[in-house]
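So the structure is just underneath, and the comments pick up after that.
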Amino acid sequence: MAERIPEEIINEIRKSVDIVDIISEYVQLKKQGRNYFGICPFHSENTPSFSVSPEKQIFHCFGCHAGGNVFSFLMDIEGISFQEAAIRLAEKANIPLELKTTSSHMRLPTETEKMMRAHELLRQFYHHILVNTNKGQEALEYLQQRNFTREIIDYFQIGYCLDEWDTSLKFLKAKGFDEDILEKAGLIIRGEKNNTYFDRFRGRIIFPISDYKGNTVAFSGRVLGNGQPKYLNSPETPIFQKSQTLFNFHNARVAIRKKQSVVLFEGFADCIAAFSAGIENGIGTMGTALTEEHIHLIKRNTDQVILCFDADMAGQNATLKAGEMLSNAGCVVRVAIIPDGKDPDEYIIKNGAELFKNVVIGGSIPFMSFKMRFFRIGKNLDNEGDRLAYIEKVLEEISKLDNAVERDIYLRQLAEEFSLSLDALKQQQRKIFYSIRRETTKDNAVKQQKLSLIKQDKKLPPAYYNAERLLIAHMLRNASFAMKVQDALKQVPFHIDEHQAIVTYLYAFYEDGNAPDLSNFLNFIQDQHLKNIVAEIGMMTISEEISDKEFKDYIKQISNYHYKLKIEKKIEEGKKAEREKDFIKAAEILKEIIALKKSL
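Residue numbers for the sequence shown follow UniProt numbering, beginning at 1 and rising by one.
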């Protein structure tokens, strides 16, 4: 475990990095007023509710209520400790840290960390075998024949697993790994007899698969020659889920941000081929359909997506489905059309990188144009029935477009192609538009009715709750004001437990000589739940100063509720005394109640 980083160094790191710059490496942020907004990386959403304040150096999500400063963001997004976050930020700020580790306090790695470490060691091992040994020569020549340059092999860390039963197993056992963890990680397979184990990827070219952080979490092994199965993939494990993994995402993220667009392929082979053709912002799904988790990851970085799937029927169906999902999530979707039924890899081999980059990707068409092509498949447009069905379907899709100019463009295309009256098409399109709108209105009315029922169950927060939050918001900005609140309330506590905990931390923070600094205060608090609340309160819009009338009103709301609770408790005690025939005690309690009511 690394030694404790001095407080002054922590503060130096905090002041040397900008939270907007750090979060922008993970989330696509857009400035709105004084703050920046983006899609929250901690929960699924389509509308940006994640806010970053450069002035206060904090973040807060109004959807899932996550919040904190630059340290807590890195801790949450990367799953690392405070010290690890501080070390990373120190590197970015070029602040030297000389930290020692004490072996007596070394934390044992978790099962997940062991699995990732095993994958990382095997990635290096397989790559070494391929590029540096005679036993990997055949696989290396095979790759070179298929236009894999040494640059591509190194960039994607492609390797080779020897065609032997347990080379990988022996290698990892020598590094201290046991069979149980390696089997659970999907790297070895248990035999049917005598509890024996053997390597999963024997005799295969190895393509490492990484998560969005760059950790190796799985492999795909391609057989040399024509054996079956052609590709053998890691099974799903605690560190690898296909629905959450996008091939090459960690490498492509910088290019995605720079180009403000991403090219999505159906698999890693097409992604690698496209990279060799100059497409640096390409990513691929892992042999599975696009999922909501994939879209969430993409939208954190860009909302411009080019789909480049295979040109066969299965690929076209996948394009339609993926395009609809992305469009519904608020993405601008284009489709790269590959001619002659080829996949990207085949096209590049036959036609070259320049044509693929400039004609296929550069000539991508809007998703609506793709749909107009797609709906023609299997129809004979010389046949009146097929033609009418096609026009009706296209009009339905045009009616879903939000942009009136787009609708007009596609209506004109339809009118020109089939020699139809533009006015007649517009009239029919409007009928469909209003029909869809009516259905949508009905659905929304039902949803609204459900929401209103839910809202009826939710009571407005009491006055003392709002008073506590507004006082805390001002206390976070002004130490003397915090002391003023403490003096005014005396022995009266804040009624929300979290609020009382926050002000207790805040009094201690100021008593230690710290100046008001929201980001620094978040480091002072240990509890993540409290950090989230502090970040939320810190994001509140409040006036620079609070008037005496407002201040007295807030104190009154909190104090009165305190006395009301005491009165209610005394009333119960009085009733109990009366039931027990202890009339003297009941009379004394009544006097106390009268005194408390005078305090209100």
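Cβ atoms here follow ideal geometry from the backbone N, Cα and C, with glycine treated the same way.
These figures come from a predicted structure and were not determined experimentally.
- Residue 32: member of the beta strand (DSSP E) spanning 30 to 32, first to last residue.
- Under the DSSP definition of a beta bridge, residue 319 lacks any partner.
- Residue 561 and residue 464 have their alpha carbons spaced roughly 7 Å apart.
- Between residue 380 and residue 418, the alpha-carbon positions lie close to 13 Å from each other.
- If the five residues before and after residue 244 are omitted, its C-beta is found closer than 7 Å to the C-beta atoms of 293, all from its own chain and listed in chain order.
- Its chain contains 40, 42 and 43 as the residues whose beta carbon lies nearer than 7 Å to that of residue 64, once the 5 sequence neighbours on both sides are disregarded; these appear in chain order.
- Per DSSP, the continuous alpha helix (DSSP H) segment holding residue 387 begins and ends at 384 to 399.
- Where residue 60 is concerned, the enclosing beta strand (DSSP E) starts and stops at 58 to 61.
- Burial state of residue 536 is buried, judged by a 10 Å Cβ sphere holding 16 or more other Cβ atoms.
- The Cβ atoms of residue 367 and residue 323 lie closer than 9 Å to each other.
- Counting only unbroken stretches of 3 or more residues, the beta strand (DSSP E) elements lying wholly within the region 140 to 172 are 159 to 161, in sequence order.
- For residue 221, same chain residues with a beta-carbon under 8 Å away, outside a window of 5 residues either side, are 161, 200, 201, 204, 205, 206, 207, 231, 232 and 233 in chain order.
- A direct Cα-to-Cα measurement between residue 120 and residue 528 gives close to 31 Å.
- Between residue 281 and residue 252, the C-beta gap is smaller than 9 Å, which places the two residues in contact.
- By the criterion of a C-beta distance shorter than 8 Å, residue 268 is surrounded in its chain by 207, 209, 220, 247, 248, 284 and 286, once the five residues flanking it on both sides are discounted.
- The shortest C-alpha to C-alpha distance from residue 595 to any of 580, 564, 582 and 148 is the one to 564.
- When the beta-carbon positions are compared, residue 295 and residue 262 stay at least 9 Å from each other.
- Here residue 263 carries a strand assignment [DSSP, helix/strand/coil].
- Along the region 235 to 315, the beta strand (DSSP E) occurs as fully enclosed runs of 3 or more residues at 262 to 265, 282 to 285 and 304 to 308, listed in sequence order.
- Just measuring C-alpha positions, the residue of 538, 513 and 191 sitting nearest residue 502 is 538.
- Per DSSP, residue 336 is not a residue of any beta strand (DSSP E), being assigned neither H nor E.
- The Cβ neighbour count for residue 193, taken over all protein chains shown within 10 Å, is under 16; the residue is labelled exposed.
- Between residue 356 and residue 348, the C-beta spacing is below 9 Å.
- Residue burial is scored here from C-beta neighbours: residue 110 has fewer than 16 other C-beta atoms within 10 angstroms and is therefore classed as exposed.
- Pairing residue 473 with residue 542, the inter-Cα distance amounts to about 8 Å.
- For residue 369, the three-state secondary structure derived from DSSP is helix.
- Straight through space, the alpha carbons of residue 70 and residue 22 are spaced by roughly 7 Å.
- Residue 302 places its beta carbon less than 9 Å from that of residue 260.
- In this structure, DSSP gives residue 344 a helical state, which the three-state scheme calls helix.
- In this chain, the beta strand (DSSP E) harbouring residue 232 covers 231 to 233.
- In the three-state reduction of the DSSP assignment, residue 547 falls in the coil class, being assigned neither a helical nor a strand state.
- Boundaries of the beta strand (DSSP E) around residue 199: 197 to 199.
- From the listed residues 497, 189 and 411, the smallest Cα separation to residue 369 is found for 411.
- Nearest C-alpha to residue 395 among 426, 420, 264 and 378: 426.
- The distance from the Cβ of residue 59 to that of residue 49 is about 11 Å, inconsistent with a contact at the 8 Å cut-off.
- As the crow flies, the alpha-carbon of residue 66 is around 22 Å from that of residue 13.
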